[in-house]
Amino acid sequence: MMTQNQSPGRSPQHTCSNRHLLLVDIILPVPLDGVFTYSVPMTLAEQVKIGVRVLVPFGRNKTYVGIVAKTHKGPPPTGFQIKDILQVLDASPILLDAQLTLWQWIADYYMSPLGEVYKAALPSGLKAEDGYRPKTETFIRLTSQFHSEQSLHIALNMLQRAPKQQAALIDYLALSGADEHTGTEMVAITRDELLNQGHTLQTVSALVKRGLLETYEQEVGRLNHGGEAHLDKIQPLSEIQQDAYNQIQFSFLKKNVTLLHGVTSSGKTEIYIHLIRQALERKQQVLYLLPEIALTVQIMERLQRVFGDRLGIYHSKYSDAERVEIWQKQLSGHPYDVILGARSAVFLPFQQLGLVIIDEEHETSYKQQDPMPRYHARSAAIMLAQMQKAKVLLGTATPSLETYHNAKTGKYGLVELFQRYKGIELPEILVVDIKDLQHRKMMNGPFSPLLLQKVREALERGEQAILFQNRRGYAPMIECKQCGWVPHCQHCDVSLTLHRHLNQLTCHYCGNTYQVPTECPNCGCTQLQTRGYGTEKIEAEVHDIFPEARIARMDLDTTRSRQAYERIINDFSAGRTNLLIGTQMISKGLDFDKVSVVGILNADTMLNYPDFRAYEQAYMMMAQVSGRAGRKGKRGLVILQTKSPTLPLIGQVVRNDYAAFYRGLIAERQQFRYPPYYRLVYVYLKHRQDAVVAAAGTEMGALLRQWFSGRVLGPDKPGVSKVKSLSIRKIVLKFELTLNMAEVRRYLALAQQQMLQDKRYSTLQIYYDVDPL
Ligand code: ADP
Ligand code: ZN
Ligand code: ZN
């Protein structure tokens, strides 16, 4: 938010006269607005630069690693005792100018303290004083007295009666390429490398004990080596793809941002690869953003094949130490040319950014929801590109309404690709009315007869099937058969999800787990039944129906580690599994060869969501999931199960009619004052006591109405009105696009300040969600 210099607290030791001091403004990882001013002692003056990390005292007895945002000279500030920085931690900046500017933009635009942006942007290893430890390995070498032909000769003789040690020493000399005259090694050899030759630790230790070899520790990198680049392996584009490629080039001449609207499997990724090659030829770097880690596995392999070790991968499932090393590499003289990463990769330093690709740009996971900063990586990446004069390509089969609107109105360039590669037809989508089938008692649990028949046929032909259910866990609810009692979370206003293989109830909002009750606490009845279907239950039922199928499940619960993702995707790609069940995770751009049938088990759960984006998200999810069907050489089939088969949206999905979908929704958005015609800001208030937050909401609403009048809606109790023991109120603000947002933010900060000054609201939390999804 607004930048204010603040006192980091009183300091007893520093008493300064009126002479001018070297001062620095420091970004600290604390949830307070603005930067903090410190003085720089003479001894450190030389080392202080913008973008280096410094150690500073804070409050009574804390120290923090902060980042220098600004240096200036002046008299000591009045009103507080200034403190000295304690230490400079970097010889050269770890942030480049563009990164600092981006942080500031995110803090302002998304109304989040700069310290929160800092926390989100840097890997932990760079935020703690000793946070990052280089990885070391044990190496071995000859001790110095054996660095001559004669002494080596004696040594080998000495080992006549210890043949194992002699063999190990000979292997060591061979491995290290030691010169037989001088004993000088050519290559550093780790102890493990020698052990891998079939020697035991005991043998090698004996050589160390004799004083022939010695061990030493040395730093080694954690980064993978992708091998050499093979730009010759890039596949030629088809004629239609080449045409799209040319149009993109042309669009780049006029527009900073261009949308590539290409149906699933049209070869968007191949076009990206050609664009990346061109950027590399111009000695420019490329940032390739993906919304989901699941996707990086496949795209990584495709990119690595051609770009080899010029490609770096960066996302949250990588260890913190690995991320620190990538960060440092990007600042070094030999950075990666291409970074493939999820949301947080927008924070990486780039020295020569030329192109940003935002794949699956419509994906909601580009927006960080919790904690702060609640930023959209697409917007942040566009800002970053603008600062570095780089071009942005947004790619998707189902553009977000905002992006498509920007393209249609000429703010962005627009390139369209309506044919799948090799002219394969888009999948056939059959709608099944499950309400009708339920009436006629023809449903088999969540499956219609048609779906089961088509899945069975696919499996019998040796093909694969995907079943999509956007709910994880076994059942979203359990309930007493007698009285209807439903277990709820103690800390949140939601019912608990049953996870059967863990045999527990879980709250999907706070993560708390509970034992599954054996009887109803309300009436004592022991018959508790499940309601609804999560992926785990679907898996169990599919297993009963198709006992011979090799089933895999992909959802949040089965993909806690990076390896788990890779295994599930690789197994399915290789055909080791043939039936994949999953949540929206499986809808995201995965490219499988032998999927002939996709089942959408229940479209209605997505449609009946009380949010202005429900239809947009539902369309995208269904269109994307359908796109997984029938990719190589054959048209696929989608079975879409719904209780509302006549809904226009369902027809639009079936006909793959994005244009009609857009026309329908955009008119509504304009009529009801929603984005992209208006800018939305949600104000959230949270407090442990519902009465307090209710009063605060009303008061803040009234305050905001004084300035913003009819642009203020609420406060309202949101659908989930308590999370983690905090009661919630939400105020919706709708602003015309022409309004000066800087001014709006000033008023909001003012209102917040006024609220928090009130003693009743001293522990009230207020935060904002700008451009909410
Ligand atoms: P999209 O990103 O639009 O979904 P992909 O780039 O993944 O499409 O292409 C779909 C499939 O077709 C992939 O398996 C890809 O390797 C193949 N493909 C697309 N274009 C070409 C091309 N020009 N040459 C060879 N294979 C291609
Ligand atoms: Zn009961
Ligand atoms: Zn909870």
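Sequential numbering of the sequence shown, starting at 71, is according to the numbering used here.
Even glycine gets a Cβ: it sits at the ideal position worked out from N, Cα and C.
Predicted model only: the values in this text are computed from it and were never measured.
Using a Cβ-Cβ cutoff of less than 6 Å, which residues in the same chain neighbour residue i once the five nearest sequence positions on both sides are dropped?
{"i": "Ile-836", "result": "Leu-755, Gln-822"}
{"i": "Leu-484", "result": "Leu-329, Ala-477"}
{"i": "Glu-589", "result": "Thr-596"}
{"i": "Pro-426", "result": "As written in the sequence, residue 426 is Val, which differs from the Pro given in the question. Taken in chain order, the residues that qualify are Leu-357, Ala-451, Ala-455, Ala-460, Val-462."}
{"i": "Asp-160", "result": "Val-122, Arg-123"}
{"i": "Glu-533", "result": "Lys-664, Ser-666"}
{"i": "Arg-799", "result": "Leu-755, Val-763, Gly-767, Pro-785"}
Per DSSP, what kind of secondary structure is residue i in: helix, strand or coil?
{"i": "Pro-642", "result": "Position check: residue 642 holds Phe in this sequence, whereas Pro was assumed. Reduced to three states, the DSSP call for Phe-642 is helix."}
{"i": "Gln-236", "result": "helix"}
{"i": "Glu-533", "result": "coil"}
{"i": "Pro-127", "result": "strand"}
{"i": "Phe-417", "result": "helix"}
{"i": "Gly-602", "result": "coil"}
{"i": "Met-624", "result": "strand"}
{"i": "Lys-143", "result": "strand"}
{"i": "His-344", "result": "helix"}
{"i": "Lys-437", "result": "strand"}
{"i": "Ser-162", "result": "coil"}
{"i": "Phe-805", "result": "strand"}
{"i": "Val-763", "result": "helix"}
{"i": "Ile-310", "result": "helix"}
{"i": "Leu-381", "result": "strand"}
{"i": "Lys-197", "result": "helix"}
{"i": "Phe-778", "result": "helix"}
{"i": "Pro-591", "result": "coil"}
{"i": "Glu-371", "result": "helix"}
{"i": "Arg-211", "result": "strand"}
Quick check: does the Cβ of residue i come within less than 6 Å of any heavy atom belonging to ligand 1?
{"i": "Asp-302", "result": "no"}
{"i": "Asp-313", "result": "no"}
{"i": "Asp-841", "result": "no"}
{"i": "Gln-741", "result": "no"}
{"i": "Gly-297", "result": "no"}
{"i": "Thr-334", "result": "yes"}
{"i": "Gln-305", "result": "yes"}
{"i": "Ser-643", "result": "no"}
{"i": "Tyr-491", "result": "yes"}
{"i": "Ser-308", "result": "yes"}
Check each candidate in the options and name the one with the smallest Cα separation from residue i.
{"i": "Arg-375", "options": "Arg-632, Tyr-406, Lys-303, Glu-431", "result": "Lys-303"}
{"i": "Tyr-748", "options": "Thr-808, Asn-227, Gln-368", "result": "Thr-808"}
{"i": "Trp-555", "options": "Ser-194, Gln-599, Val-665", "result": "Gln-599"}
{"i": "Thr-647", "options": "Ile-164, Val-762, Lys-664", "result": "Lys-664"}
{"i": "Gly-297", "options": "Met-228, Asp-379, His-757, Tyr-679", "result": "Asp-379"}
{"i": "Ile-548", "options": "Ala-535, Ile-798, Ile-720, Ser-565", "result": "Ser-565"}
{"i": "Arg-775", "options": "Lys-794, Phe-805, Lys-787", "result": "Phe-805"}
{"i": "Gln-355", "options": "Ser-449, His-561, Gln-458", "result": "Gln-458"}
{"i": "Arg-542", "options": "Asp-167, Arg-830, Gln-654", "result": "Gln-654"}
{"i": "Ile-409", "options": "Thr-334, Thr-366, Met-690, His-446", "result": "Thr-366"}
{"i": "His-569", "options": "Gln-560, Asn-582, Cys-562, Asp-563", "result": "Asn-582"}
{"i": "Pro-715", "options": "Arg-490, Ile-499, His-331", "result": "Ile-499"}
Beta-carbon within less than 7 Å of residue i's beta-carbon, same chain only, minus the 5 sequence neighbours each way: which residues are those?
{"i": "Pro-99", "result": "Tyr-134, Gly-185, Tyr-188, Lys-189, Lys-197"}
{"i": "Leu-156", "result": "Leu-125, Val-126, Pro-127, Thr-133"}
{"i": "Pro-842", "result": "Leu-750, Tyr-752"}
{"i": "Val-158", "result": "Leu-114, Gln-117, Val-118, Val-122, Val-124"}
Just to confirm, does residue i get its C-beta within under 6 Å of one of the non-hydrogen atoms of ligand 3?
{"i": "Tyr-579", "result": "yes"}
{"i": "His-561", "result": "yes"}
{"i": "Asn-582", "result": "yes"}
For residue i, is the beta carbon positioned less than 6 Å from some heavy atom of ligand 2?
{"i": "Gln-597", "result": "no"}
{"i": "Asn-678", "result": "no"}
{"i": "Asn-592", "result": "yes"}
{"i": "Trp-555", "result": "yes"}
{"i": "Gln-552", "result": "yes"}
Do residue i and ligand 4 come close, with the Cβ less than 6 Å from some heavy atom?
{"i": "Glu-340", "result": "Questions concerning ligand 4 fall outside what the structure shown contains, since the ligands it does hold are ligand 1, ligand 2 and ligand 3."}
Leaving out the 5 sequence neighbours to the left and right, which residues in its chain are closer than 8 Å to residue i when beta-carbon positions are compared?
{"i": "Glu-431", "result": "Leu-329, Arg-448, Leu-464, Gly-465, Thr-466, Pro-469, Ser-470, Thr-473"}
{"i": "Gly-602", "result": "Arg-541, Ala-545, Pro-546, Met-547"}
Item to complete: Could I get the ranges of all uninterrupted alpha helix (DSSP H) runs contained in the stretch 476-529, with 4 residues as the minimum, in chain order?
Response: 504-509
Discussion item. Report the start-end ranges of each beta strand (DSSP E) in the stretch 260-303 that is 3 residues or longer and not cut off at the edges.
Written reply: 283-290
Worksheet item: Counting only runs that start and end within the stretch 539-563, where is the beta strand (DSSP E) found for 3 or more residues in a row?
Response: 547-550
Practice prompt. Would you list, in sequence order, the uninterrupted beta strand (DSSP E) runs of no fewer than 3 residues that lie entirely inside the stretch 422-467?
Written response: 423-429, 461-466
Item to complete: Enumerate, from N- to C-terminal direction, the unbroken alpha helix (DSSP H) stretches of 4 or more residues contained entirely within the stretch 655-684.
Response: 674-677
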